[in-house]
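Residue numbers (our numbering): 8 to 99.
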(Lines of atoms letter the chains of each structure in order from A and count residues from 1; the text may use other names and numbers.)
(Lines give C-alpha, C1' and ligand atoms only; values in the text may rest on other atoms or scores of the structure.)
Protein backbone atom coordinates (compact mmCIF):
# COMPACT_ATOMS: atom_id res chain seq x y z
CA UNK A 1 0.00 0.00 0.00
CA UNK A 2 2.83 2.35 0.87
CA UNK A 3 4.48 1.82 -2.52
CA UNK A 4 1.30 2.67 -4.44
CA UNK A 5 0.82 5.82 -2.34
CA UNK A 6 4.41 6.83 -3.09
CA UNK A 7 3.83 6.29 -6.83
CA UNK A 8 0.63 8.32 -6.67
CA UNK A 9 2.41 11.19 -4.93
CA UNK A 10 5.25 11.06 -7.43
CA UNK A 11 2.75 11.08 -10.30
CA UNK A 12 0.91 14.06 -8.81
CA UNK A 13 4.12 16.03 -8.34
CA UNK A 14 5.33 15.19 -11.85
CA UNK A 15 1.95 16.07 -13.33
CA UNK A 16 1.75 19.42 -11.55
CA UNK A 17 5.26 20.26 -12.74
CA UNK A 18 4.24 19.23 -16.27
CA UNK A 19 1.16 21.45 -16.13
CA UNK A 20 3.08 24.42 -14.80
CA UNK A 21 5.86 24.14 -17.37
CA UNK A 22 3.68 23.35 -20.38
CA UNK A 23 0.48 25.25 -19.83
CA UNK A 24 -0.26 27.43 -16.84
CA UNK A 25 2.98 29.40 -16.67
CA UNK A 26 2.62 30.39 -20.34
CA UNK A 27 -1.05 31.23 -19.83
CA UNK A 28 -0.41 33.40 -16.76
CA UNK A 29 2.46 35.24 -18.44
CA UNK A 30 0.36 35.93 -21.54
CA UNK A 31 -2.57 37.22 -19.46
CA UNK A 32 -0.32 39.38 -17.29
CA UNK A 33 1.45 40.74 -20.39
CA UNK A 34 -1.96 41.67 -21.80
CA UNK A 35 -2.68 43.58 -18.58
CA UNK A 36 -5.33 41.20 -17.29
CA UNK A 37 -5.81 39.96 -13.75
CA UNK A 38 -6.15 36.21 -13.77
CA UNK A 39 -7.41 34.90 -10.40
CA UNK A 40 -11.13 35.10 -11.09
CA UNK A 41 -10.63 34.54 -14.78
CA UNK A 42 -9.01 31.14 -14.14
CA UNK A 43 -11.62 29.92 -11.67
CA UNK A 44 -14.52 30.80 -14.00
CA UNK A 45 -12.99 29.82 -17.34
CA UNK A 46 -14.51 26.52 -18.49
CA UNK A 47 -11.90 26.16 -21.24
CA UNK A 48 -9.09 26.11 -18.69
CA UNK A 49 -10.75 23.33 -16.69
CA UNK A 50 -11.43 21.31 -19.84
CA UNK A 51 -7.80 21.74 -20.90
CA UNK A 52 -6.69 20.68 -17.43
CA UNK A 53 -8.80 17.53 -17.67
CA UNK A 54 -7.52 16.68 -21.16
CA UNK A 55 -3.93 17.31 -20.06
CA UNK A 56 -4.40 15.09 -17.03
CA UNK A 57 -5.82 12.26 -19.13
CA UNK A 58 -3.03 12.54 -21.69
CA UNK A 59 -0.31 12.68 -19.06
CA UNK A 60 -1.82 9.76 -17.15
CA UNK A 61 -2.05 7.67 -20.33
CA UNK A 62 1.60 8.39 -21.16
CA UNK A 63 2.60 7.50 -17.61
CA UNK A 64 0.62 4.24 -17.69
CA UNK A 65 2.14 3.22 -21.03
CA UNK A 66 5.62 3.76 -19.57
CA UNK A 67 4.70 1.68 -16.50
CA UNK A 68 3.32 -1.16 -18.63
CA UNK A 69 6.36 -1.14 -20.91
CA UNK A 70 8.67 -1.11 -17.90
CA UNK A 71 6.81 -4.05 -16.36
CA UNK A 72 7.01 -5.99 -19.63
CA UNK A 73 10.75 -5.38 -19.84
CA UNK A 74 11.20 -6.54 -16.23
CA UNK A 75 9.20 -9.70 -16.91
CA UNK A 76 11.16 -10.41 -20.09
CA UNK A 77 14.40 -9.95 -18.17
CA UNK A 78 13.22 -12.36 -15.44
CA UNK A 79 12.21 -14.96 -18.02
CA UNK A 80 15.55 -14.60 -19.82
CA UNK A 81 17.50 -14.82 -16.56
CA UNK A 82 15.44 -17.81 -15.47
CA UNK A 83 16.11 -19.60 -18.75
CA UNK A 84 19.82 -18.79 -18.50
CA UNK A 85 19.98 -20.08 -14.93
CA UNK A 86 18.12 -23.24 -15.93
CA UNK A 87 20.56 -23.81 -18.79
CA UNK A 88 23.53 -23.38 -16.44
CA UNK A 89 22.07 -25.90 -13.98
CA UNK A 90 21.49 -28.44 -16.73
CA UNK A 91 25.08 -28.06 -17.98
CA UNK A 92 26.60 -28.03 -14.51
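Ideal Cβ placement from N, Cα and C applies to all residues, glycine included.
Nearest-angstrom Cα separation, counted from residue 25 out to residue 17: 12 Å
Proximity of residue 30 and residue 62 at Cβ, strictly below 8 Å: yes
Backbone secondary structure at residue 41 - three-state DSSP: Coil at residue 41, not helix or strand.
Cut-off 8 Å between Cβ atoms - residues of its own chain near residue 48, not counting five sequence neighbours on either side: Closer than 8 Å at Cβ, skipping near neighbours: 38.
Distance, residue 42 Cα to residue 36 Cα: 10 Å
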